[in-house]
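Trainee: Quick one: structure below, then a few questions.
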Amino acid sequence: MERDDDVQLIRKILSGDDAAFSILVEKYQESIHALAWRKIHDFHYAEEIMQDTFLKAYRKLPTLKNPNQFAGWLHVIAKRLCIDWVRRQKPVMQSLENTHPQEIEESSYTQHLSEQRTTERTEYCHELVQQLLEKLPENERTVITLYYFDEMSTKEIGEFMGVSVNTITSRLQRARKRLQTDQEYLDQEFFGHLQLSDNLKENIMSQLEQLRNKFNSFMEQVKSDPASREDILKEASNEIEDALKGEITPELVHLVVDDIYPHMGKQGIEKRLSLLHKFLDDAPDNKERFWAYQELASSLAFLGRHRESVEEQLQLYRWACKNDMPDKDVLHIFCSNLENPASWSAEGRIDEWIKLYREASERLKKPDVSYLDRCEFLQIGAEVLRANGKSDEALIELEKLEKTNTKQDWKHYFRFWLIVKTNRLLLYNRRNESERFDEIITELKNYMEGEYKKYNAGQPVNTGDLIWLSHDIGCCLVWMNKYSIARSFLQVACDLGGENHYGHFMLAVSIWASDKDREKTLHHLKIAEEDYAVASYNFRDSYYSSFVNTPEFSDVKDDPEFLKVLGQK
C-alpha cells in the first residue's frame, strides 16, 4: 500500500504538484538522516546530506523508471552522497621536495597513518566476507549485502527488489543458517585473540562508542571555539585518562592511539608513546605487538627523536623477519609513512634504509603480496629516493609502479596514477627537462579544468579525485616557486571544500608570493589554522611553526595581523 502511495505522490510531483514532494520528504527524512548519520558519524553534516539527497531526488525524479522502487532509489542517492562526503574529508596527498622533516606530517602520508590501517582492515575483512558470500545463492547474497552493508531494513530491501518483506526475511534466515558454521571464525577475526561472550563484546563496543562520542563532542566544541582548544583538549585528556585506568584492551588502545591522541598535538603524541610502551608489556600476540612497535617508531619520528625512531624501525624489521611475520607486514615497515625514512635521513643513515628497502623488495616476487601492498611499497621507494637526490633510481621505481598500476577500474588506480605524475613533475623540474615537464603539466591542467567545468555544470564528477589532483599539483608548483599557476590549482581544491587545511596554507603562500594580497592571504591562513585545530593527525598544534619557516612569509613573520590569525599573542 505504501508503495502505491509513493507512486501516486510521484505522479503528482511530475505533474507539477510540489506539495506532494513535501509529503515524501516528511515520510522519508528521518530514515535518510539516520542512514547518513550512521555512515559519516556527524549529526549536523548528516542533515546537510539529507537535504542534498532530497534536492537531487527532486531533480532526478523524471529519470526514475520504476516509481515502485523510489525508497531504495532514494537510499542509493543518500549513500552515494555519503561516499562523496567521506572522500572530501580525506587528507589529500602531497609529495616531498626539499621539505623540512617537521613539515612532512602535512604531506600525503599523514593519510597513511589512518588510511592504511583502515584500508588494510577493510580490505582484509571484505576478502573474508566475500569468501563467505560466494557460498550463497545470488538472491540470498544480494539480500545479505543490502541488509548488512548498505544497512537497509527488510522493508526497504523488499521495496528495492520488488518482493514482499516475508520473502526478504526468509532469504535472510536461509543465508544466516548457511553462514552459521563460520560465525566463530568471523568472531575470531574481528575480536582477535579474545574469547568473549556476546554480552561482553557488546559491553566493550558500547564503552568504546561512549568514549568516541565524548571525544567527538569535545572536538565539536573546538570547532565552534578554536581559541579554547587547549582548555577543551585538557578536559578531554582527563576523560581519556579515566578510561585508561581500567582494563586496557586492544580495542581501547587502538581507539585512543589511532583516533583520539592524533587530534591532540604534541601532547597527544607524547601520550601515545606512554600508552604504547605500556601496551607492549601485555600485547596478546605478535600481530598486536607488530602494530604497537610500528606506531612507536612513527611517534618518535613525529617528535623529532630520530635516532630512537631509527633504532625502533631497525629492531622491528629484524624482529619481523625472525618471527616470520607476513610479507605484507614486513613491507609495511617501509611504507607506513614518510616520517620514518626522514629520520634515517636526519641521522645520515639513508643509505642503510635504501639497502634494507632493496632487501625487502625481494618479497614483491611472492604471489601472495597484494596489488595494493606492491603499489604502496614502490611508491614509498620512489618518494624517498627522489627526496634524497637519487633521481635515476627514483625514475626506475616510478616506472615499476606505473607498470604495476594498470587496472583502470581499480579503486586505487587514480591515487597511484597521480603519484607517478607528481613525482615525475618534481624530477623533471629538478633535471631541467622542460619539455617533459610541460607535457605533464598541460595534461593535468586540461584534466582539472575539464572536470571542474563539468562540476560547475552539475554533471557527475569524482570530486574527491579532482580535489586530490588540484591540491597535489598546486603544492608541487609552490615548491617549484611557480606561484601563479599553483594558485589556479589550489583555488579549485579549496573551492571544492573538505578539510583541506594544508591546501589553504599553500594557497596563502602562493597568493602572498605572487601579489602580496594581504586580505586573501590572511583569509586562507585563518581557514588553515582553524581547520588544523580539529584535524586528525595534528602534531604541531598550530601552523605557526610552518609559517615562521616558510621563506615566502619572511617579510611578515613578525606582523601582528598574521600572528593573531595564527593564535600568537
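Each residue of the sequence shown is one higher than the one before, starting from 231 at the first, in the numbering used here. Here a beta-carbon is modelled for each residue, glycine too, at the ideal position from N, C-alpha and C. Computed from a prediction, not measured in an experiment: that's the story for all the values here.
Would you mind stating whether C605 and F644 have Cβ atoms separated by less than 7 Å?
Mentor: No, they are not a contact pair.
Trainee: Please report the straight-line C-alpha distance between Y677 and E260, rounded to a whole angstrom.
Mentor: In a straight line, the C-alpha of Y677 is about 39 Å away from that of E260.
Trainee: For the structure I just gave you, are there three or more beta carbon pairs, one from the segment 235 to 249 and one from the segment 278 to 287, closer than 8 Å?
Mentor: Contact fails: fewer than three Cβ-Cβ distances are below 8 Å.
Trainee: Along the chain, where does the alpha helix (DSSP H) that runs through R666 open and close?
Mentor: Element bounds for R666: 664 to 686.
Trainee: How is A513 classed by DSSP in three states: helix, strand or coil?
Mentor: Residue state, collapsed to three classes: coil.
Trainee: Quick one, which of E679, A743, M736, Q543 has its alpha-carbon nearest K756's?
Mentor: Ranking E679, A743, M736, Q543 by Cα distance to K756 puts M736 first.
Trainee: Given this structure, state the Cα-to-Cα distance separating W303 from T384, to the nearest angstrom.
Mentor: Cα to Cα, W303 sits roughly 15 Å from T384.
Trainee: What are the boundary residues of the alpha helix (DSSP H) that includes V708?
Mentor: Counting along the chain, the alpha helix (DSSP H) containing V708 begins and ends at 693 to 709.
Trainee: Across the segment 622 to 633 and the segment 670 to 685, are there enough close Cβ pairs to call them in contact, namely three or more that are closer than 8 Å?
Mentor: No: the two stretches stay apart, fewer than three of their Cβ pairs being nearer than 8 Å.
Trainee: Helix, strand or coil: which one does DSSP assign to H642?
Mentor: H642: coil per DSSP, three-state reduction.
Trainee: Under 8 Å by Cβ, that's how I've got F831 and L752 pegged, so tell me the actual separation to the nearest angstrom.
Mentor: Residue 831 cannot be examined here, being either before or after the span of the chain that is shown, 231 to 799.
Trainee: Any contact of the segment 593 to 600 with the segment 553 to 568, i.e. 3+ C-beta pairs under 8 Å?
Mentor: Cβ pair count under 8 Å is three or more, so yes.
Trainee: DSSP three-state call for R661: helix, strand or coil?
Mentor: R661: coil per DSSP, three-state reduction.
Trainee: If I'm right that L726 touches I697 with Cβ under 8 Å, what's the distance once you round it to whole angstroms?
Mentor: Sure, about 5 Å apart at Cβ, within 8 Å.
Trainee: Classify K290 as helix, strand or coil using the three-state DSSP reduction.
Mentor: Reduced to three states, the DSSP call for K290 is helix.
Trainee: So, E569 versus F509, is the Cβ gap smaller than 7 Å?
Mentor: Not in contact: E569 and F509 (Cβ atoms no closer than 7 Å).
Trainee: In the structure shown, what three-state DSSP assignment does T751 receive?
Mentor: T751 falls in the helix class under three-state DSSP.
Trainee: Using CA coordinates, which residue listed in K794, Y288, E613, D789 is at the minimum distance from S772?
Mentor: Selected option, being the one with the closest Cα: K794.
Trainee: Any idea if P492 is buried or exposed, counting beta-carbon neighbours within 10 angstroms, 16 or more meaning buried?
Mentor: P492 is buried by the Cβ-count criterion.
Trainee: If you drop the 5 nearest sequence neighbours on each side, which residues of the same chain put their C-beta closer than 6 Å to that of Y685?
Mentor: Closer than 6 Å at Cβ, skipping near neighbours: V691.
Trainee: Can you give the Cα-Cα distance for S504 and W742, rounded to whole angstroms?
Mentor: Their backbone Cα atoms lie some 41 Å apart in a straight line.
Trainee: Return the Cβ separation of L265 and A308 in integer angstroms, given the expectation that the two are a contact with Cβ distance under 8 Å.
Mentor: The Cβ separation is near 5 Å, so the contact holds.
Trainee: When the Cα of A527 is compared with those of E277, R593, Q545, D511, which residue comes out closest?
Mentor: The option with the nearest alpha carbon to A527 is Q545.
Trainee: Using only the alpha-carbon positions, how far apart do F783 and L482 sit?
Mentor: Straight-line Cα distance between these residues: approximately 42 Å.
Trainee: Once the 5 residues before and after V540 are set aside, which same chain residues still bring their CB inside 7 Å of it?
Mentor: The answer, listed in chain order, is S573, W574, E577, R579.
Trainee: Return yes when the Cβ of A723 is within less than 7 Å of the Cβ of N730, no when it is not.
Mentor: A contact, by the Cβ cut-off of 7 Å.
Trainee: Can you give the Cα-Cα distance for Q805 and E538, rounded to whole angstroms?
Mentor: The displayed coordinates of the chain run from 231 to 799. Any statement about residue 805 would go beyond what the structure contains.
Trainee: Look up P556 in the DSSP assignment and say whether it is helix, strand or coil.
Mentor: Here P556 sits in coil by DSSP.
Trainee: If you run the structure through DSSP and keep just helix, strand and coil, what is Y547?
Mentor: Y547: helix per DSSP, three-state reduction.
Trainee: With DSSP run on the structure shown, which of helix, strand or coil describes K385?
Mentor: DSSP places K385 in helix when its eight states are reduced to three.
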